[in-house]
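Chains as they are written, first to last, in the working numbering: chain A, 178 to 482; chain B, 178 to 482. The beta carbon of each residue, even a glycine, is placed where N, CA and C say it ideally should be. One structure is given here, and the rest of the page talks about it.
Number of protein chains: 2
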Amino acid sequence: MKLPPLNALKAFEAAARHGGFIAAADELCVTRGAVSRHVKTLEAHVGVPLFRRHARGVELTEAGRELLPVLTNAFGQIAEAADRLSERATDLRIICPPATSIRWLIPRLEAFRAEHPEIRLRLTTDFHGGDGYVPAEYDVGFSFEFWPGRHPEIENRPLFPILLSPACAPAMTEGEKTLSRPQDLARFKLLHETADRTDWRTWLDAFPADGLTAASGDVFPNLDMATRAAVIGAGVVMGDLVLCREELERGLLRLPFPDRICRSPNGDISLIAHRDKWDDPKVRVFSDWIHAAAAVDRKRCASLL
Amino acid sequence: MKLPPLNALKAFEAAARHGGFIAAADELCVTRGAVSRHVKTLEAHVGVPLFRRHARGVELTEAGRELLPVLTNAFGQIAEAADRLSERATDLRIICPPATSIRWLIPRLEAFRAEHPEIRLRLTTDFHGGDGYVPAEYDVGFSFEFWPGRHPEIENRPLFPILLSPACAPAMTEGEKTLSRPQDLARFKLLHETADRTDWRTWLDAFPADGLTAASGDVFPNLDMATRAAVIGAGVVMGDLVLCREELERGLLRLPFPDRICRSPNGDISLIAHRDKWDDPKVRVFSDWIHAAAAVDRKRCASLL
DNA sequence: ACCCTTGGATTAGTTTTCCTGATCCACCCT
DNA sequence: AGGGTGGATCAGGAAAACTAATCCAAGGGT
Chain A
178 MKLPPLNALK
188 AFEAAARHGG
198 FIAAADELCV
208 TRGAVSRHVK
218 TLEAHVGVPL
228 FRRHARGVEL
238 TEAGRELLPV
248 LTNAFGQIAE
258 AADRLSERAT
268 DLRIICPPAT
278 SIRWLIPRLE
288 AFRAEHPEIR
298 LRLTTDFHGG
308 DGYVPAEYDV
318 GFSFEFWPGR
328 HPEIENRPLF
338 PILLSPACAP
348 AMTEGEKTLS
358 RPQDLARFKL
368 LHETADRTDW
378 RTWLDAFPAD
388 GLTAASGDVF
398 PNLDMATRAA
408 VIGAGVVMGD
418 LVLCREELER
428 GLLRLPFPDR
438 ICRSPNGDIS
448 LIAHRDKWDD
458 PKVRVFSDWI
468 HAAAAVDRKR
478 CASLL
Chain B
178 MKLPPLNALK
188 AFEAAARHGG
198 FIAAADELCV
208 TRGAVSRHVK
218 TLEAHVGVPL
228 FRRHARGVEL
238 TEAGRELLPV
248 LTNAFGQIAE
258 AADRLSERAT
268 DLRIICPPAT
278 SIRWLIPRLE
288 AFRAEHPEIR
298 LRLTTDFHGG
308 DGYVPAEYDV
318 GFSFEFWPGR
328 HPEIENRPLF
338 PILLSPACAP
348 AMTEGEKTLS
358 RPQDLARFKL
368 LHETADRTDW
378 RTWLDAFPAD
388 GLTAASGDVF
398 PNLDMATRAA
408 VIGAGVVMGD
418 LVLCREELER
428 GLLRLPFPDR
438 ICRSPNGDIS
448 LIAHRDKWDD
458 PKVRVFSDWI
468 HAAAAVDRKR
478 CASLL
């Protein structure tokens with residue numbers, strides 16, 4: 178199991194692949210003499226000739242023909258792995274859940290790209306898989322501040338709070354059958370961002386309403402879609418005041434109970450990353466930039482409570 | 178697809194596998210400083226740290242953990258291929274058909290081994306496959322001098338002639354129903370070394386006997402077994418005078434027609450090898466030795482005709 | 001038959017890489 | 001606090017790889 182000189186192997190592989198020493202020398206940016214010597218070294222090491230020399234070019238021997246594919250394959254795998262690693266150095270891989278991504282992150286990313294063109298962003302808009310954020314696949318993620326069972330080596334840095342209050346289309350708060358008291362909610366469809374209905378449960382825990390539970394209503398795959406459903410009058414969503422700010426400002430959604438705002442028990446929306454990742458310069462740049470952007474929302478939230 | 182420095186990769190692989198630079202340095206027979214430098218070179222090349230340095234030893238980063246198995250696998254494949262090539266340098270791979278092997282080659286090989294302990298022989302006793310002698314698998318082979326469809330790059334070097342004459346157990350040539358004239362063969366079972374019965378057809382072409390054809394008789398997988406069947410009185414084999422010489426001398430077989438000896442149309446038993454193989458020193462040594470051994474039989478044959 | 005081109009081998013001398021050995025440093029363990 | 005372990009660093013020297021020039025053998029073209 179003693180490995181031949183690796184550079185000689187590389188030279189042979191190039192020569193065999195090209196069918197000539199000159200072409201190989203060209204690829205390796207050396208002279209043909211260097212290739213010739215490398216091949217000779219390798220032949221001396223394994224003890225069998227790998228090329229049959231003719232006046233006009235070389236031809237692989239049986240032994241050489243056996244060796245070539247192994248080397249081409251091995252070097253290919255190595256090059257591929259090295260490339261993947263290099264991508265880590267330049268690319269910043271981000272994972273962000275749908276609503277936060279489409280409503281908060283993406284609108285801000287263009288400015289980041291303009292300021293830091295040297296960092297190539299690769300955003301995945303999705304929930305974290307069953308195992309949560311995986312350091313091997315993503316450099317940073319957006320998630321809750323608190324999450325049961327999160328790996329202890331993963332650190333989070335809070336961005337802005339999650340403020341919850343029911344939100345609905347303006348038409349619902351007008352006319353006869355208006356939505357003005359919590360009890361009125363029983364007459365409307367509740368819109369849930371998850372099947373477990375934690376959104377409404379949390380709010381109803383903070384502000385109980387007679388006989389009202391979170392059990393009823395329609396379920397959506399994420400908060401963005403539940404919010405959009407509320408905009409088109411399908412029901413009342415448990416709005417995230419940061420993420421649905423635009424609809425509130427444009428009058429597409431209204432808060433029927435603006436003094437009944439509670440915070441998610443999962444804490445703030447946060448940047449999460451493996452302990453070591455924070456030392457990575459591109460992660461530091463991104464984190465700093467994102468925190469500056471989030472500071473605006475954080476201040477807005479403080480004025481709401 | 179630019180490959181990192183290969184020696185740095187090797188150093189990293191050893192360090193990662195051992196979990197420490199000192200152990201790696203030990204394996205590579207260098208100092209730990211050298212390993213440290215190699216790893217640093219590699220890290221600079223791919224742009225990401227591969228080890229997390231602690232006061233007490235190192236630990237792979239996510240990136241390093243991704244790279245290690247690729248390298249271990251790639252180097253393993255290379256080492257394996259290199260080993261196989263090295264075996265070609267020291268081993269002499271021979272293929273020889275059964276009768277020639279057991280009756281001629283093997284009895285002589287022990288002497289060769291004693292004279293040339295530096296050459297490791299690997300003998301395969303079998304017929305050549307459908308494609309004939311394959312240079313990729315065997316250095317030299319024993320075969321007929323002439324063989325239709327043999328690759329033109331394969332050269333043969335004749336060893337000794339194939340002399341054919343019927344042979345049978347002594348009892349058959351004695352007593353009443355004796356085997357003394359060719360016509361008497363009709364009363365005995367013919368023993369064939371192949372299903373196509375070329376052995377007897379060849380001899381009957383040379384020495385026709387009234388109404389006698391090679392169509393009848395028992396078939397054996399090879400000449401050795403057909404000859405052994407003749408010794409125990411199962412019938413008359415078309416004996417190869419070189420290969421059944423021992424039985425003839427010990428009186429276990431007799432030639433009922435000692436003046437009716439013909440040569441095989443396939444020419445002599447020969448050493449065959451790919452054109453280039455003959456330049457290989459160990460092939461040359463073997464070939465010279467075998468030809469010297471065959472010269473004895475060649476001379477004996479000359480006196481028989 | 002001649003020359004010319006092509007492609008590899010060889011070699012002396014230089015550049016580059018690699019390694020050593022010493023020293024330094026950080027931390028753990030007692 | 002101090003000894004021990006494991007890695008980082010650096011100057012100097014050994015080893016390797018490379019270049020450039022030259023040589024050589026075999027086709028191909030005229």
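Do residue j and residue i count as a contact pair if the criterion is CB distance below 8 Å?
{"i": "B:L432", "j": "B:A407", "result": "no"}
{"i": "A:A172", "j": "B:G326", "result": "Residue coverage of chain A in this structure runs from 178 to 482, which leaves residue 172 of chain A outside it and unanswerable."}
{"i": "A:E190", "j": "B:A313", "result": "no"}
{"i": "A:F198", "j": "A:V212", "result": "yes"}
{"i": "A:R495", "j": "A:F384", "result": "Residue 495 of chain A is absent from the model: chain A starts at 178 and stops at 482."}
{"i": "A:A403", "j": "A:V414", "result": "yes"}
{"i": "A:C439", "j": "A:T371", "result": "no"}
{"i": "A:L205", "j": "A:L336", "result": "no"}
{"i": "A:G196", "j": "A:G234", "result": "yes"}
{"i": "A:I339", "j": "A:N443", "result": "yes"}
{"i": "B:N399", "j": "B:A276", "result": "yes"}
{"i": "B:G394", "j": "B:G412", "result": "yes"}
{"i": "A:L356", "j": "A:T350", "result": "yes"}
{"i": "B:R299", "j": "B:R270", "result": "yes"}
{"i": "A:I331", "j": "A:A450", "result": "yes"}
{"i": "B:F434", "j": "B:P359", "result": "yes"}
{"i": "B:A391", "j": "B:R374", "result": "yes"}
{"i": "A:D445", "j": "A:E322", "result": "yes"}
Around the Cβ of residue i, are there at least 16 other Cβ atoms within 10 angstroms (buried) or fewer (exposed)?
{"i": "A:K459", "result": "buried"}
{"i": "B:C273", "result": "buried"}
{"i": "A:E292", "result": "exposed"}
{"i": "A:P181", "result": "buried"}
{"i": "B:E236", "result": "exposed"}
{"i": "A:A259", "result": "buried"}
{"i": "B:P246", "result": "exposed"}
{"i": "A:D376", "result": "buried"}
{"i": "A:C345", "result": "buried"}
{"i": "B:V317", "result": "buried"}
{"i": "A:T301", "result": "exposed"}
{"i": "B:K476", "result": "exposed"}
{"i": "B:A472", "result": "exposed"}
{"i": "B:P343", "result": "buried"}
{"i": "A:G388", "result": "exposed"}
{"i": "B:K187", "result": "buried"}
{"i": "A:E220", "result": "buried"}
{"i": "B:E424", "result": "buried"}
{"i": "A:S480", "result": "exposed"}
{"i": "A:H369", "result": "buried"}
{"i": "A:H231", "result": "exposed"}
In chain B, which residues lie with their C-beta within 8 Å of the C-beta of residue i?
{"i": "A:G224", "result": "L262, S263, R265, A266 and T267"}
{"i": "A:T238", "result": "D453"}
{"i": "A:E295", "result": "In chain order: nothing, as chain B lies at least about 12 Å away."}
Can you list the residues of chain B that residue i reaches, using a CB-CB cut of under 7 Å?
{"i": "A:V247", "result": "Q254, I255 and A258"}
{"i": "A:P181", "result": "A259"}
{"i": "A:A251", "result": "A251, Q254 and I255"}
{"i": "A:R229", "result": "D453"}
Would you list the residues sitting across from residue i in a DSSP beta bridge?
{"i": "B:V413", "result": "B:L367"}
{"i": "A:D387", "result": "According to DSSP, which records beta bridges pairwise, A:D387 is partnered with nothing at all."}
{"i": "B:C206", "result": "In the DSSP output, where bridge partners are listed per residue, B:C206 has none listed."}
{"i": "B:I339", "result": "Per DSSP, none; premise fails for B:I339."}
{"i": "B:E237", "result": "Here residue 237 of chain B turns out to be Leu, not Glu, going by the sequence shown. The partner list for B:L237 (beta bridge, DSSP) reads B:F228."}
{"i": "B:A344", "result": "B:V414"}
Whose Cβ in chain B lies nearer than 9 Å to the Cβ of residue i?
{"i": "A:K187", "result": "L180 and L183"}
Interface residues of chain A around residue i at Cβ under 7 Å?
{"i": "B:E426", "result": "The contacting residues do not exist; B:E426 stays about 42 Å from chain A at best."}
{"i": "B:L244", "result": "A258 and L262"}
{"i": "B:A232", "result": "Under the 7 Å cutoff, chain A gives no residues; its nearest Cβ is about 16 Å from B:A232."}
So which residues on chain A does residue i lean against when the C-beta distance must stay under 8 Å?
{"i": "B:A411", "result": "Chain A residues near B:A411: none, gap ~44 Å exceeds 8 Å."}
So which residues on chain A does residue i lean against when the C-beta distance must stay under 9 Å?
{"i": "B:A192", "result": "By Cβ distance, chain A contributes nothing, its closest Cβ being about 15 Å from B:A192, past 9 Å."}
{"i": "B:A450", "result": "Per Cβ cutoff of 9 Å: no residues; B:A450 is ~11 Å from chain A at best."}
**Message:** Just to confirm the assignment: which complete alpha helix (DSSP H) runs, minimum length 4, are found wholly within the region 253-323 of chain A?
**Reply:** 283-292
**Message:** Give the list of continuous beta strand (DSSP E) stretches no shorter than 3 residues that lie fully inside the region 394-459 of chain A.
**Reply:** As summarised for the region 394-459 of chain A, the continuous beta strand (DSSP E) elements at least 3 residues long and confined to that stretch are 413-417 and 446-451, given in chain order.
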